[in-house]
C-alpha cells in the first residue's frame, strides 16, 4: 500500500524549497523502499533547485543518503529488509558495453526506479540523481542500495553516496595517486577536501591544497594536506611549482569546475602528469588551451565520474576504513539539521561555512 511521508521539494527554478507530502508506492520488480536515516546537503541539490541540471520540476531533492531497507520488490536478491545501505546513483546494469568489457565503474546504462513518487495530487516528482532522499522514505532501484556495516554512523556513511566518494575517487581511482606522488588539489570544499584525504590514503608524499578561503585551507591541512596556498594572494601555478622543485605536481585535481581553475591545474602539473576534473562546470562554460601545450606537456587530462567508483566494491571498503579509524568521514559532517533546515543549509553552503550539513531523521 502506498505510504505518505514528508519530503523536501524544489517547486520551480530558484524558488525556495518546501516540505510537502510525498506518496511512495510499494516497490515493484527490482525496486526497494528505504527508510532514510541521514542525507547530506550537496551542491548538486542546489544546482537542481536553480535549474542548473534540467527543468523537470518539481524535484524531490537529496541524494547523499544512508538508511534501512524496508521492503523490496520481486526479483531483488542483493539486499533484504533490515539491511543498512548507502544509496548510490550508479546502479550497474551488467549489460552495456562498459560492463561487458569489465569496466562496470563506467556503466553507461545505470538505472533508477521505474515507478514515480508523487505529490498527493498525483504530480510526478523528479528525484535528484534518481534518488530523492530528503524524505522519510524513498523508492529506488535495488541496485542503488549498497549494503555496508551497520556499525557506521548514518550521517557519515551517507556522504559516500556522492561528494566524499567523488573526491576520494578522483584521487584514488581516476588520478591513480601512488606512493610518493606529489598532488595538488584546487578547490577545498567537501569534494576537494575528500580528494586531499584520498591522496593521503593513497600514500602521496606531498599534498598541496589551493583555495581562496583560509578556513577551507585550514581544514585541508587537518585532513592531510602538507602545504596550503591561498590563490587570492598567490599565483597557484608558481606556488605549486616552487613546492615541487620547479616541476609541478604529478597529479592535479580540479575540484571547482571553472575554466580559470582548470587552466591553473593544467599548468601546475609536471610534464607527463595528470589533471583530474571533478568540479562540475555549468553548461555555458568553455575552455580554450593552446593545442601545442596539450601535446607538448604530455600526460593525461581526465574527467572523474562519481570518483570512477564501483559502489559494491568501494563503499564497503571505505566504511571498513572508517570503522578502523583510518578514514575520518565524521570530519565532513559540519552540522546535523532537521528536514526543514535545508534552505538555510543551502545559504551556509554558498558562504563556505560548512563542508556538509546533514539532515538526520
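In my numbering, the protein residues as written are 65 to 425.
Built from N, CA and C at the ideal position, the CB exists for glycine as well.
No experiment lies behind these values; they were computed from the predicted model shown.
Inter-residue CB distance, residue 370 and residue 229 (contact presumed, cutoff 8 angstroms): Numbered from 1 along the chain shown, position 306 holds the residue referred to as residue 370. Numbered from 1 along the chain shown, position 165 holds the residue referred to as residue 229. The pair is a contact, with the Cβ atoms about 7 angstroms apart (cut-off 8 angstroms).
Per-residue DSSP class, three states only, for residue 169: Within the chain shown, numbered from 1, the residue matching residue 169 stands at position 105. In this structure, residue 169 counts as helix in the three-state DSSP scheme.
Just to confirm my understanding: we take residue 419, look at its own chain, exclude 5 residues before and 5 after, and list those with CB closer than 8 angstroms. What are they? Mapped onto the chain shown, residue 419 falls at position 355. Closer than 8 angstroms at Cβ, skipping near neighbours: 253, 254, 257, 283, 395, 396, 397, 398.
Which word fits residue 104, buried or exposed, when buried means at least 16 other C-beta atoms lie within 10 angstroms of its C-beta? By one-based count along the chain shown, residue 104 stands at place 40. It is buried - the Cβ of residue 104 has at least 16 other Cβ atoms within 10 Å.
Entirely within the stretch 221 to 266 and at least 3 residues each: give me those beta strand (DSSP E) ranges in chain order. 246 to 250
Look at the Cβ atom of residue 126, then the Cβ atom of residue 93, and state whether they are nearer than 9 angstroms. The count along the chain shown starts at 1 and reaches residue 126 at position 62. The count along the chain shown starts at 1 and reaches residue 93 at position 29. Not in contact: residue 126 and residue 93 (Cβ atoms no closer than 9 angstroms).
Is it true that the stretch 292 to 311 meets the stretch 345 to 361, where meeting means three or more beta-carbon pairs spaced less than 8 angstroms apart? no
According to the neighbour-count rule (16 or more other Cβ atoms, all chains shown, within 10 Å of its Cβ), is residue 124 buried or exposed? Counted from its first residue, the chain shown places residue 124 at position 60. Buried, because 16 or more other Cβ atoms sit within 10 Å of the Cβ of residue 124.
With DSSP as the reference, label residue 269 as helix, strand or coil. Along the chain shown, one-based indexing puts residue 269 at 205. Residue 269: coil per DSSP, three-state reduction.
Local Cβ density within 10 Å of residue 388, reported as buried at 16 or more and exposed below that: The residue you call residue 388 lines up with position 324 of the chain shown. Label assigned to residue 388: exposed.
Please specify which runs of the alpha helix (DSSP H), each continuous and at least 4 residues long, are wholly inside the stretch 69 to 153, giving them in chain order. 107 to 113
First through last residue of the beta strand (DSSP E) which encompasses residue 203: The residue you call residue 203 lines up with position 139 of the chain shown. Residue 203: member of the beta strand (DSSP E) spanning 201 to 205, first to last residue.
Residue from 148, 120, 122 whose Cα sits closest to the Cα of residue 132: For the purposes of this step, residue 132 is taken as the residue at position 68 of the chain shown. The shortest C-alpha separation from residue 132 is found at 148.
With a cut-off of 8 angstroms, do at least 3 Cβ pairs link the stretch 156 to 164 to the stretch 237 to 253? no
Per DSSP, the bridge partner or partners of residue 283: Sequence index remark: in the chain shown, residue 283 carries index 219 (1-based). None, per the DSSP bridge assignment.
Rounded to a whole number of angstroms, what is the C-alpha to C-alpha distance between residue 179 and residue 140? Within the chain shown, numbered from 1, the residue matching residue 179 stands at position 115. Within the chain shown, numbered from 1, the residue matching residue 140 stands at position 76. The straight-line gap from Cα to Cα measures roughly 15 angstroms.
Quick check on DSSP: helix, strand or coil for residue 306? Position 242 of the chain shown, counting from 1, holds the residue named residue 306. Residue 306: helix per DSSP, three-state reduction.
By how many angstroms is the C-alpha of residue 106 removed from the C-alpha of residue 167? In the chain shown, the residue the question calls residue 167 occupies position 103. In the chain shown, the residue the question calls residue 106 occupies position 42. Going from the Cα of residue 167 to the Cα of residue 106 covers about 27 angstroms.
My output table needs one value for residue 301: the three-state DSSP class, helix, strand or coil. Position 237 of the chain shown holds residue 301. Of the three classes helix, strand and coil, the one that applies to residue 301 here is helix, per DSSP.
Express the C-alpha separation of residue 332 and residue 298 in angstroms, rounding to a whole number. Taking the chain shown and counting its residues from 1, one reaches residue 298 at position 234. Taking the chain shown and counting its residues from 1, one reaches residue 332 at position 268. About 13 angstroms.
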